[in-house]
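For reference, the structure discussed in these notes is given below.
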Amino acid sequence: MKKSLLALAVLGAFAGAASAQSSVTVYGIVDMGITSQDTGAGANDRLNGVTSGNQSASRIGFKGTEDLGNGLKANFVLEQTIAADTGVLSQVDGKTAFNRFATVGLSGNFGAVNLGRQVSAIKDAYDAIDPFGDGGTIAPISAIFFNAALKGDNGRISNSIKYTSNSYSGFKFGAHYAFGEQAGRTGADSNYGLNLGYANGPLNVQFGYMSGDDSTAGAPGFKPVKNSKDKMTFLGATYDFGVAKLHAAYGDSKNQPVAGNVDNKYRNYMLGVSAKVGAAGSIMASYTVNDTRTFGGVKANDRDSKRAGIMYAHDLSKRTNLYAGYSHTSNDKNAKLNALVADQSGSMFAVGVRHKF
Amino acid sequence: MKKSLLALAVLGAFAGAASAQSSVTVYGIVDMGITSQDTGAGANDRLNGVTSGNQSASRIGFKGTEDLGNGLKANFVLEQTIAADTGVLSQVDGKTAFNRFATVGLSGNFGAVNLGRQVSAIKDAYDAIDPFGDGGTIAPISAIFFNAALKGDNGRISNSIKYTSNSYSGFKFGAHYAFGEQAGRTGADSNYGLNLGYANGPLNVQFGYMSGDDSTAGAPGFKPVKNSKDKMTFLGATYDFGVAKLHAAYGDSKNQPVAGNVDNKYRNYMLGVSAKVGAAGSIMASYTVNDTRTFGGVKANDRDSKRAGIMYAHDLSKRTNLYAGYSHTSNDKNAKLNALVADQSGSMFAVGVRHKF
Amino acid sequence: MKKSLLALAVLGAFAGAASAQSSVTVYGIVDMGITSQDTGAGANDRLNGVTSGNQSASRIGFKGTEDLGNGLKANFVLEQTIAADTGVLSQVDGKTAFNRFATVGLSGNFGAVNLGRQVSAIKDAYDAIDPFGDGGTIAPISAIFFNAALKGDNGRISNSIKYTSNSYSGFKFGAHYAFGEQAGRTGADSNYGLNLGYANGPLNVQFGYMSGDDSTAGAPGFKPVKNSKDKMTFLGATYDFGVAKLHAAYGDSKNQPVAGNVDNKYRNYMLGVSAKVGAAGSIMASYTVNDTRTFGGVKANDRDSKRAGIMYAHDLSKRTNLYAGYSHTSNDKNAKLNALVADQSGSMFAVGVRHKF
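Note that the protein sequences, when read in sequence, are chains G, D and C.
All residue numbers for the first sequence refer to UniProt numbering, where the first residue is 1 and numbers rise by one.
All residue numbers for the second sequence refer to UniProt numbering, where the first residue is 1 and numbers rise by one.
All residue numbers for the third sequence refer to UniProt numbering, where the first residue is 1 and numbers rise by one.
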């Protein structure tokens, strides 16, 4: 019995030392593959290489949760993207930064409130519906939905406060406000958004909205014209039929380019599917459309973009998988929405490995 | 008993694995709040936002200590500031850096010697007296004491060697030398400093001194005029009356702006108080004065700055607290010492959360 | 017995929590010393300071290995250099980066395959022969062997795939290919390399080769002239006589400067020794020669460089040592190979501490 007590004493001492450490979890993803792209730049435009983040953005993060008692918790997250093929770390405002998350906040029975740099409320909604939910480069919703100028910095917002509810009978909602931080002009450069979701059994429905104002050109983030408002609306759903899950989404957005004073209006559609294949495989595919309705204030012609993408992932473990993905993008002759392809068709093929740590 | 031995054996194996990890501690602070500033820029100058580091600078660090036997230890620290509201990491010389600490050294019966980038000896002295000891943005001594041009990079020095003594009957002292690293001009751009402290019972007295030379303009750090010397002297004390602790400090400094060849002379004063309020609360307040004696070599008129600040912190745990702080700064009509306010009065209100990990 | 079971249960719970953490190891080196250099810039060129990485580059890294079963493992490494004297982190392509390693890959019975940024195959070969194997600044092979313009970014390559074999009866080999990632010009800017080693008892022989192509100027990495090929060949060996280990190496390289279209050819020689001195000491020394054979396409005159270096390291533990090192470099009157010294002789003396964590 003395030995048992000794064991407990040693355990106690050790657990104490370890809990001093346990306040931080170092985590992340390294995802790289061999890729071959038809960049759409012309006759001789094949680009082969090693690229990072084909299935999920490579990243490193530091996070922790402290139990404050009575269900209250303090939380922090610091997370940044890595272009792992060159090792380069991501930037915000031209400086190396925890570009994905830099937050502190409290959570509990009331939900969670976080301050800092984080995901916009509408991005939470569309990521939950996207078959390529973790993003990546093959065919994420965010590559086609909502003009990049409108979305700001990949759907991530600085200087923000965000509320996320707990789930009530399957319902969950969230809202954010991001300060524009322009002296004497409260509201300038600011944006806000919200989401409302319902997840129950096989059904998951997500609604999101975001609106931004801008009175200053050149600043990072959400950048419409002076005194204008940008708006994005998202509605999507998934339904799990057992053998496969169906994904569908609709987006509607309006923005004004900095140089003009007239609206651009877009409608976006996505139809997708995801399914388990055997014990270790999974497949995801989507067809995404950007329908440009109005450009420069007049009815748009030949400004649509379409992307079809498919990926197969084969698990080697819960943390590690191999993947192969392919996407084909076609732009109308006046469409330049996608950075990969200007006015032409293009494609991308990737085979690689994703490791979570 | 066999089971106990097994427990110990498992423990041993596990402790071994853990000790392979235990050479590094990942630690830091994320501190953010909602702030509203009267920036003093004119009639319409209110700046609202989310700001980082109101009570203590947000930061992430990696540190470790190795026991070398006979009381000797090897130590390292790598620590950097985070502008958590945008996620941006701090820079030194225009590049992302462990701007707070990048040191390696030995410690033991003789005290501690560290090489690299670290806190200047005089900063150790004034941080120990400041009611807002952890810095932050409300009313730290460093915002008023010692003209920013004189202090160099927030009191942090590169290319340095620093000695810190152990405590002898309450007495403790330290000294640093930072190389200027100008080829063929030993001493150019260099600086040195020292501190002497006495802490015993309710009394803590701190003295600090720093002197810097510069022969090259434009370099980082301590930047007076060619062949000139900059000097800072600090004397401060705290006395704990039980119900509250009284803080008082005096500073005297001299520098020469790069464009001129004539002295600027300053005297600084601080009177402060800190106290526990109930089981979980603490309050800290100070009144800080910069008295510009000589500017451009002639007697200074209307060049004084004053700041009054107060903060209340409410502990949710040992590691997490909420806070509310307010400061008011008034500059004489020719005073531009404080970056926040030029030639006018201003104020800052912040309410937020600080989480240590 | 109940207490023992409790101990095991607590252990189990705790081990579970810990193993969730165990997928990442945070590691690194902080190495700094006081240095005095004769920079060779003229009569008054002494440079004293605190420098980082005299014995081994200061660095911080994150790595992990996951056992996938059947001997298969998933591995990742993220590692960057720190100029610890100022805290500044290293850059790739002008941005802060994991400049040393950013890899993900699989290993097993077949060897290891890794994607991303990593060490070139030829660098593996010369690092294994160099008495100053960890690099540093005193007298590493890489300071003299293979013109810096030819080697690319310190022997580290981006956008690469690399294979490393396991050991077969002492034989081991490796090969890499780094994509140039120039659209429509596969092979442009690319490079490849290989190594073959034999280590058995006292003998270690290493052969390495690297070839690079470049059609674009200004890009990072391996940069010869349009349509030209750069080539490096390395052969080296060590033999352990027990009392001391002898090191010898030969290098042959050819490149073309960007501005010209004519060959530069070099031959390099290294003779070195390393030995244990007592229980805690070790000594390493080398004499390295760059023999410029052809410069700008014509026979080279007075373009040779020679460096003699010696270092003594005294272990305080397995992880921490003190060191003193000295090197002397002499350049022929037209030689500018070494960044430290242009057209003249120079020297460097360093005394410091290296701590591994």
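All C-beta atoms, glycine included, are put in the ideal place defined by N, C-alpha and C.
Nothing here was measured: the structure is a model prediction, and the numbers come from that model.
Chain-ordered residues of the segment 294 to 319 of chain G with a beta carbon less than 9 Å from chain C: Along the segment 294 to 319 of chain G, the positions whose C-beta sits under 9 Å from a C-beta of chain C are 316, 317 and 319, read in chain order.
Beta-carbon contacts of residue 300 of chain D that lie in its chain and below 7 Å, excluding the five residues immediately before and after: 292, 293 and 294
Three CB pairs or more closer than 8 Å across the segment 78 to 92 of chain G and the segment 46 to 66 of chain G: yes
Residue 127 of chain G: first and last residue of the uninterrupted alpha helix (DSSP H) it sits in: 121 to 129
Distance CB(residue 197 of chain D)-CB(residue 206 of chain D) smaller than 8 Å: yes
Sub-8 Å separation of residue 329 of chain D and residue 352 of chain D beta-carbons: no
Any chain G beta carbon closer than 8 Å to residue 29 of chain C: no
DSSP-derived helix/strand/coil call for residue 142 of chain G: Here residue 142 of chain G carries a helix assignment [DSSP, helix/strand/coil].
Residue 93 of chain C at chain D interface by Cβ criterion, 8 Å: no
Beta-carbon proximity of residue 131 of chain D to residue 247 of chain D, cut-off 8 Å: In this structure, residue 131 of chain D lies near residue 247 of chain D, with their beta-carbon atoms less than 8 Å apart.
Close Cβ partners of residue 323 of chain G (< 8 Å) along its chain, the five nearest in sequence each way excluded: 33, 54, 55, 311, 312, 313, 314, 350, 351, 352, 353 and 354
Residue burial classification, residue 203 of chain D (beta-carbon count within 10 angstroms, cutoff 16): exposed
Residue 147 of chain D vs residue 105 of chain D beta-carbon contact at 8 Å: no
Near-chain G residues of the segment 151 to 163 of chain C (beta-carbon distance less than 8 Å), N- to C-terminal order: 158, 159, 160 and 161
Contact test: residue 67 of chain D Cβ vs the ligand GTP heavy atom, cutoff 7 Å: With respect to the ligand GTP, the structure offers nothing, as it holds no ligand at all.
Simplified DSSP state of residue 150 of chain C, which is helix, strand or coil: For residue 150 of chain C, the three-state secondary structure derived from DSSP is helix.
Rounded straight-line distance, which links the Cα of residue 201 of chain G to that of residue 45 of chain D: Cα-Cα distance, rounded: 52 Å.
Validate contact between the segment 134 to 141 of chain C and the segment 108 to 115 of chain C using beta carbons, cut 8 Å, 3 pairs: no
Residues within the segment 39 to 71 of chain C neighbouring chain G, beta-carbon criterion of under 7 Å: 62, 64, 66 and 68
Proximity test, Cβ basis, 8 Å: residue 86 of chain G and chain C: yes
Strand pairing of residue 243 of chain D, partner residues [DSSP]: Per DSSP, none; premise fails for residue 243 of chain D.
Assumed close pair residue 59 of chain G, residue 66 of chain C - CB separation to whole angstroms, cut-off 8 Å: 17 Å between Cβ atoms; not a contact.
Member of D:325, D:24, D:126 and D:192 whose CA lies at the smallest distance from the CA of residue 285 of chain D: Selection D:325, D:24, D:126 and D:192 evaluated against residue 285 of chain D yields D:325 as nearest (Cα-Cα).
3-residue-minimum beta strand (DSSP E) runs that sit fully inside the segment 257 to 281 of chain C, ordered along the chain: 264 to 277
CA nearest to the CA of residue 77 of chain D, picked from D:24, D:241 and D:71: Cα-wise, what sits closest to residue 77 of chain D is D:24.
Sub-8 Å separation of residue 186 of chain G and residue 48 of chain D beta-carbons: Contact: yes.
For residue 193 of chain C and residue 176 of chain C, believed in contact at Cβ under 8 Å, the rounded distance: 5 Å
Residue interval of the beta strand (DSSP E) (run including residue 174 of chain D): Its beta strand (DSSP E) spans residues 171 to 178.
Min CB distance residue 205 of chain D to chain G below 8 Å: no
Residue 76 of chain D: contacting residues in chain C (beta-carbon distance under 7 Å): 30, 355 and 357
Residue 108 of chain C in three-state terms, based on DSSP: strand
Neighbour flag for residue 243 of chain C against chain D, beta carbons, 8 Å: no
Assigned exposure category for residue 168 of chain D - 16 Cβ within 10 Å defines buried: exposed
Interface partners of residue 119 of chain C on chain G, CB under 9 Å: In chain order: nothing, as chain G lies at least about 12 Å away.
According to DSSP, residues forming a beta bridge with residue 186 of chain C: Paired residues: none, contrary to the question.
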